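Just so you know, we're using full-length UniProt numbering here: the sequence shown kicks off at 1 and counts up by one.
Below is one structure, written out as structure tokens; the observations come after it.
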Amino acid sequence: MEIDGSFEDSDGLKESGSKKRVRSESCNVSSSKACREKLRRDRLNEKYSHLSSRAFSLLFFLSMPSTNVQHFVNNRFMELSSILEPERPPKTDKAAILVDAVRMVTQLRGEAQKLKDSISSLHDRIKELKAEKNELRDEKQRLKAEKEKLEQQLKAMNSQPSFMPPAPAFPAAFATAQGQVPGNKLVPFFGYPGVAMWQFMPPASVDTSEDHVLRPPVA
């Protein structure tokens, strides 16, 4: 059975004898309607052919003798049992085979859901890593800009002329006294105050109460 392919456009010209030209827009509209109608017919034909094949298979199955039907069903159950447990011999109990099939389907659905959850968590982790990568890229750009700025400042400091401050002038009185000091006397360094060294000596060496006994004056 096929659906009739004849199609008449209801929006066509009512007066066949008119000599007016049909505009291009109306042609496009008519062609689009024809295409839609053709697609609709193709879908109906495909659906009808699928239903026909299913009906033919059902009629063929029903027309088989009871022994052949029983043999066919047994073969299908044997195949299902061998698929569920390939390492074991096929079962003959149809109820046990159906229970195993339901259990296997439930287990596979649970594993599929776990895989979906794992994939979703991996996608979330990938998004987090991408965000961290973008943050690290921004931080790298900021550090690079700071480095360039510091290099420019360093170049500017090196390009400036360096100078030494003039040495401080010593007073004339200190210069005169420095020239008259004997050679066995130490001259204090200008700019640093003199430090008494006796405070670093042991107390026995600093004690002068027994000097007249230990070191009598020379006559």
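From the three backbone atoms N, C-alpha and C, an ideal C-beta is built for every residue, glycine too.
Keep in mind the model is a prediction, meaning the values are calculated, not measured.
Check	Outcome
Bounding residues of the alpha helix (DSSP H) (the contiguous stretch that carries Met-104)	94 to 159
Contact belief for Ala-101 with Leu-84 at Cβ below 8 Å, rounded distance in angstroms	6 Å
Integer-rounded CB distance, given that Ile-97 should sit under 8 Å from Leu-80	6 Å
Distance between Asp-117 and Leu-143 (C-alpha atoms, nearest Å)	39 Å
Coarse secondary structure for residue 270, derived from DSSP in three states	Outside the displayed range of the chain (1 to 219) lies residue 270, so it cannot be described from this structure.
For Glu-87, the three-state DSSP class (helix, strand or coil)	coil
Cβ-based burial, Phe-77 [other Cβ within 10 Å; buried from 16]	buried
Inter-residue spacing [alpha-carbon to alpha-carbon] between Arg-103 and Arg-88	17 Å
Coil, strand or helix - Glu-210 by DSSP	coil
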